[in-house]
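A short worksheet on the structure shown next.
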Ligand SMILES: NC(=O)c1ccc[n+]([C@@H]2O[C@H](COP(=O)([O-])OP(=O)(O)OC[C@H]3O[C@@H](n4cnc5c(N)ncnc54)[C@H](O)[C@@H]3O)[C@@H](O)[C@H]2O)c1
Ligand SMILES: O=c1ccn([C@@H]2O[C@H](COP(=O)(O)OP(=O)(O)O[C@H]3O[C@H](CO)[C@@H](O)[C@H](O)[C@H]3O)[C@@H](O)[C@H]2O)c(=O)[nH]1
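In the numbering used here, the protein residues as written are 2 to 437.
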C-alpha cells in the first residue's frame, strides 16, 4: 500500500519504517530539513534500539524515502498518518496547532480519496476537528481515522511489530477496511484490531496512559509509606503483583514517571475533564504525588550531608527519562539536578545516550564524564536516576576507590540492600531500609 507519514519523530519514524518492513511503500515528511537530510543520508536521527537495521534495509529496498515537501508526500500516499507533536499547552491541554495546521494544508492539497490517520495522542473530538478543517477546502472524498499509538520508547520497534492490540476509531467502512488490510501482518499472532468510534479510540489512549501513570504513582506512595513503617516495597510488590488481577508490570517504584507522554497526557486529560466541568480527582493526586516523587531523594541527600550541599561533588548516573532512549523530556534527573544545583552542589554526569540532549539544556552548569566510572572521580556521593543495564552490576571495589565516601542514593532500586550493606556502602533507595 502507499503510505505517507507526516512527522518523523519517535512515533512517525518507527511507524514509517515498520510499515515499509511489511512491504508498503512509505514516504516520510518532516518540516525539519536537517533531520530529513540526515535520514536521506541513512542516519537515524534518534536512538531507538533495532530501528537502524530496519531503517537501512527499507531505504535500500526503495520502500522508505524522506522529504520536506508535503505536496510530494500527499501526492504519494492513500493512507496519510499524522505523527505530529501534541505538546502541553500553557493551561495543560494538548496543543493541537501542529495537527490542525497540517490538516488545513491537507484540505488544500489533496486531489483524490485519502484516509487521514491520526496517530498523535489527541483529546476526544479531535477527529471531528481534523475532518472539519480538511472539509473546508477539500475537493475530493476523504476519511479521518483515529489510530492511537501505544509503543514505548526503547521497545518501539518490537511494540510496533508485535502490538498487543491495535485500536482503530472509524465510522467509515471504506477506511476501516483499508486499516484492517494495512495492519493484517501485525496481528497474525491473534492479537486484535479493535474497531470503535473515533471518540472512544481517542479516549482509550489517554485512559491507558493515565491508568499506567496512576499505577506507578500508587506504588510510589506505597514505597514512601514502607519507609515510614519499616516494610520492604520489593516484597510488597512481588506479593501484590502475583495476583493476576493486579499484574507484575508497572509496579516498580522510583523517582517518578517522566517522558514525553505520561506527564503531558495525564495533564491533558485532567484539563479536558475540567473543560466539561468534570473533576478527575484521581488525576489531580497523580500529578501532585509524581511532582513530589521526582525530588524524593533530596531530603535523604541533604540529611546525609547535614543540610549543607555547598561545594559537595555529586556524580549522577542516568539522565534519560528511562533506559534505552536518548529522550530527556520530563526526565526526573532534570528535577534532581536542578534541586542539587540550587543547593550549591557540583555535578558530574554520565548517561550512555542522553548526554548530547542534556548538554543542550544544561550547558556548562554540569561536568560531563566520558564513561560511568569517570563521573565518580573524587565525588562525595553517587545518585542514580535511570536504570540503564550497565549500572546494574558495577565493580563495587572501583566504586569505593573512586568515591570520597561510599554513599549511593539510588532512585531506581538497582541493588540489593543486604549486598550493599555487606559491601560497606551507605545505600539509600526507595521504599526499602537504608544500608549503613
Ligand atoms: N514518543 C512516544 O513514545 C509516543 C508514543 C505514543 C504516542 N505518542 C504521541 O505521538 C505524537 C508524536 O510524538 P513523538 O514523540 O513522535 O514526537 P517528536 O517530537 O519526536 O516528533 C514529531 C516530529 O514532527 C515534526 N513536525 C513538526 N511539525 C511538522 C509539520 N508541520 N510537518 C511535518 N513534520 C512536522 C517534527 O520535526 C518532529 O520530527 C504525540 O502526540 C505523542 O504524544 C508518542
Ligand atoms: O514500573 C514502572 C514503569 C515505568 N516507570 C516510569 O514511567 C515512565 C514511562 O515509562 P514507559 O511507559 O516504559 O515509557 P514511555 O516510552 O513513556 O511509554 C508510555 O507512553 C507512551 C506514549 O504515549 C505509550 O505509547 C506507552 O504505551 C507508555 O508505556 C518512565 O519515566 C519510567 O521510569 C516507573 O517509574 N515504574
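Heads up, the beta-carbon is just placed ideally off N, CA and C, and yes, glycines get one too. Everything numeric in this text was worked out from a predicted model, so none of it was measured.
Its Cα nearest to that of residue 381, the residue 306 stands out among 387, 374, 419 and 306. At least one heavy atom of ligand 2 is found less than 8 angstroms from the C-beta of residue 217. Excluding five sequence positions before and after residue 435, the CB atoms of its chain that fall closer than 6 angstroms to its own CB belong to 429, given in chain order.
In terms of Cβ geometry, residue 41 and residue 25 do not form a close pair [threshold 9 angstroms]. Listed as beta-bridge partners of residue 170 by DSSP are 147 and 197.
Here residue 428 carries a strand assignment [DSSP, helix/strand/coil].
Secondary structure at residue 374: coil, using DSSP grouped into helix, strand and coil. Here residue 271 is buried, its C-beta having at least 16 other C-beta atoms within 10 Å. Membership of residue 34 in the alpha helix (DSSP H) is indicated by the continuous run 34–41.
Sequence-distant Cβ neighbours of residue 389 in its own chain, meaning closer than 7 angstroms and more than five residues away, are 319, 324 and 353.
Annotation: residue 296 to residue 415 spans about 18 angstroms, alpha carbon to alpha carbon. Spatial neighbours of residue 216 in its own chain (CB-CB distance under 6 angstroms, excluding positions within 5 residues in sequence) are listed in chain order as 251.
Here the alpha carbons of residue 29 and residue 54 stand approximately 17 angstroms from one another. Nearest to residue 277 by C-alpha distance, out of 116, 56 and 124, is 124.
At a threshold of 8 angstroms, residue 78 does not count as near ligand 1, since its beta carbon sits no closer than that to any of the ligand's heavy atoms. When secondary structure is reduced to three states using DSSP, residue 21 falls in the helix class. For the 9 angstroms CB-CB criterion, residue 262 and residue 162 do not form a contact. The closest heavy atom of ligand 2 lies 8 angstroms or more from the beta carbon of residue 292. The DSSP-derived three-state label of residue 182 is helix.
Nearest to residue 264 by alpha-carbon distance, out of 431, 330 and 405, is 330. Distance between residue 348 and residue 69, taken at the CA atoms: about 40 angstroms.
Taken in chain order, the complete alpha helix (DSSP H) segments of 4 residues or longer contained in the stretch 375–405 are 397–403.
Comparing C-alpha distances from residue 83 to each of 9, 432 and 152 shows the shortest one belongs to 9. In this structure, the alpha-carbon of residue 49 lies about 25 angstroms from that of residue 205. Of all C-beta pairs linking the stretch 127–142 to the stretch 104–113, three or more are shorter than 8 angstroms, placing the two stretches in contact.
For residue 351, there is no enclosing alpha helix (DSSP H); the residue is found in the beta strand (DSSP E) stretching over 347–351. The alpha-carbon of residue 178 is positioned some 19 angstroms away from that of residue 201. Every unbroken stretch of the alpha helix (DSSP H) spanning 4 or more residues and falling wholly within the stretch 285–323 is given here in chain order: 299–305.
Boundaries of the beta strand (DSSP E) around residue 411: 408–411. Contact annotation: residue 375 and residue 355 have beta-carbon atoms that are not nearer than 9 angstroms. Residue 150 counts as buried, since no fewer than 16 other beta carbons sit within 10 angstroms of its beta carbon.
Here the alpha carbons of residue 105 and residue 326 stand approximately 33 angstroms from one another. Of the heavy atoms belonging to ligand 1, none sits nearer than 8 angstroms to the Cβ of residue 189.
With a cut-off of 8 angstroms on Cβ pairs, the stretch 207–222 is in contact with the stretch 286–293, counting three or more such pairs. When secondary structure is reduced to three states using DSSP, residue 119 falls in the strand class.
C-alpha of residue 45 to C-alpha of residue 7: approximately 16 angstroms in a straight line.
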